[in-house]
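Residue numbering for the sequence shown follows my numbering, beginning at 49 and increasing consecutively. What follows is a single structure, written as structure tokens, with notes after it.
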Amino acid sequence: MNFSLKHFLLIPCFIALLSSSEILQGQATQSNAAIRSEILNEPKAPVKVDVKPQALDEEISTRLKAILIATGWFINSNVEVKNGVVFLTGETKRDDYKKWAEELARNTQDTVAVVNQIQVMPPSIWDFNPVLVGVRSLWTTLLRTIPAILFGIMILMITWLLAKGASLMTRYFLRNQTYNTLIMRVISWAVGLLIFLIGLYSFFHIMGLTTIALTVVGGTGLLGIILGIAFREITENLLASIFLSMNNPFHSGDLIEIEGIMGYVEKLTVRTTILISLDGNYVQIPNATVYRSIIKNFTSNPNRREHFTIGIGYDCAISEAQKIALTVLTEHPAVLKKPEPWVLVDSLGQSTVNLKIFFWIDGSTHSWQKVRSSVIRLVKRAFQTENIPMPDEARELIFPKGISVKLDTNITQPETLKDPVETSEIATDAEGELNSEAEKLKDQASQSRSPEAGRNLLKDDS
């Protein structure tokens, strides 16, 4: 589990935003009400204002006017009372002040009715008081979340240390297993991630943010599904690399064939399998393609069988030709004695009896192409030496009406052509040594730039 401090420091910021928004939402009503009551001094009228047992209109007017002036909430305020009916006039900045004055008048002794004619002045367009109230409320809420943020950072640090330790311990316990490096990394990373998610969920739960905790846990799985669909090919190659590294169908240096592409395995990365073709070129095959394809491994069993077909004339003994060819095979140093070589009659052609010759070589030490060339050349030489004809695929021409032939006695006979002399050497200069070219290709690869960076995931190089 490769957490870095740089990535880890981003987590508290993310938690702070979530915590602030949740706490803000949960405490908005209570905080705003308290602050508004505290800052704006929301007024409440008394239940009853007594003047004296039987208050006169003038006394009621004088008492109410004095109270309105004392509050300082009203401009040009005036109170007139006629037969117990109170008439309120003036201006104020807030509607609740107007309602407070009306309630005050109703609760005054010997008041019959109240006519509230107080006008509420429209707020100025440059009035920043609501904005300041909102900013102050937000700032207060943010200050209240600082202890929660600090506690969250402490919880996350402990969780990160536990996850890191669990990841290292998992890798330590798996060191003696048969798993390769990639499998160990994936398992240890999964254990560390699980512990970290548990710690993250515990943090949200302690903070009273269970809804966010469930959202994070559920969102993690949903995010994994979305990423899996969006990056399907990348996911397929990653999973294929895990399965290939577990099954290990080939090793570095093996000669394999995939989708008609033959080459020596250079390495297996998270994305591709890299081969060195017999032409010396790097070939990158996606791991998903490798996992779905048929893999021919010519190195897992170093013995490799080769064959070729050669035709002899109908006028020669087949058994004699078989014996001659078999002698060549048994005397060839690159042909294995076991399994034994075969010389079989394959088919009857138009002008030849076709023999199919099978033989085995050690592919780890010899080049199958060079040995095959050497065997064909030596069998052909042996047939020529023993006068075994090898006619070509001639066509038979039929003339239904016949054809006249006239012998010209003046034509001189050409000199008899001498049969070409075939060398008896096992390998010619053109064929070179019969050794495998694998080492030469590896030397070329070591001197060239690898087409893809990444660690080799194969077991023998882990």
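Cβ coordinates follow ideal geometry from the N, Cα and C atoms, glycine included.
Name the two residues that bound the continuous alpha helix (DSSP H) containing residue i.
i           : result
residue 428 : 416 to 433
residue 280 : 280 to 295
residue 471 : Looking at the DSSP string, residue 471 is not in any alpha helix (DSSP H), and its letter there is neither H nor E.
residue 372 : 366 to 379
My output table needs one value for residue i: the three-state DSSP class, helix, strand or coil.
i           : result
residue 125 : strand
residue 386 : coil
residue 140 : strand
residue 119 : helix
residue 174 : coil
residue 185 : helix
residue 150 : helix
residue 109 : helix
residue 481 : coil
residue 583 : The displayed coordinates of the chain run from 49 to 510. Any statement about residue 583 would go beyond what the structure contains.
residue 394 : strand
residue 193 : helix
residue 487 : helix
Given this structure, state the Cα-to-Cα distance separating residue i from residue j, to the nearest angstrom.
i           : j           : result
residue 377 : residue 415 : 16 Å
residue 477 : residue 354 : 22 Å
residue 351 : residue 336 : 29 Å
residue 288 : residue 181 : 59 Å
residue 406 : residue 356 : 7 Å
residue 338 : residue 369 : 44 Å
residue 504 : residue 245 : 30 Å
residue 84  : residue 163 : With a pLDDT of 47 at residue 84, under the threshold of 50, the modelled position of this residue cannot be trusted; read the value that follows with caution. One C-alpha to the other measures close to 29 Å.
residue 284 : residue 189 : 47 Å
residue 109 : residue 120 : 17 Å
residue 202 : residue 238 : 23 Å
residue 138 : residue 156 : 19 Å
residue 170 : residue 192 : 35 Å
residue 223 : residue 307 : 35 Å
residue 388 : residue 482 : 20 Å
residue 176 : residue 210 : 50 Å
Among the options, whose alpha-carbon lies nearest the alpha-carbon of residue i?
i           : options            : result
residue 214 : 196, 203, 236, 436 : 236
residue 328 : 493, 142, 497      : 493
residue 249 : 223, 234, 200, 369 : 200
residue 207 : 384, 252, 420, 133 : 252
residue 128 : 105, 143, 141, 146 : 105
residue 143 : 134, 115, 183, 166 : 166
residue 375 : 470, 424, 299      : 424
residue 361 : 184, 282, 432      : 432
residue 347 : 498, 299, 393      : 299
Just reading off the beta strand (DSSP E) that residue i is part of, what are its end residues?
i           : result
residue 161 : 161 to 168
residue 352 : 351 to 360
residue 449 : Element bounds for residue 449: n/a, residue is neither H nor E.
residue 345 : 343 to 345
residue 436 : From DSSP, residue 436 is part of no beta strand (DSSP E); its letter is neither H nor E.
residue 402 : 401 to 410
residue 505 : Residue 505 -> no beta strand (DSSP E), and no H or E assigned at all.
residue 305 : 303 to 306
So does residue i have its beta carbon nearer than 7 Å to some heavy atom of the ligand PLP?
i           : result
residue 237 : Of ligands this structure carries none, so the ligand PLP is not represented either.
- Counting only runs that start and end within the segment 198 to 259, where is the alpha helix (DSSP H) found for 4 or more residues in a row? For the segment 198 to 259, whole alpha helix (DSSP H) runs of length 4 or above, ordered along the chain, are 229 to 254.
- With a floor of 4 residues, list each alpha helix (DSSP H) that falls wholly inside the segment 312 to 338, ordered by position along the chain. With a minimum length of 4 residues, no continuous alpha helix (DSSP H) run stays inside the segment 312 to 338.
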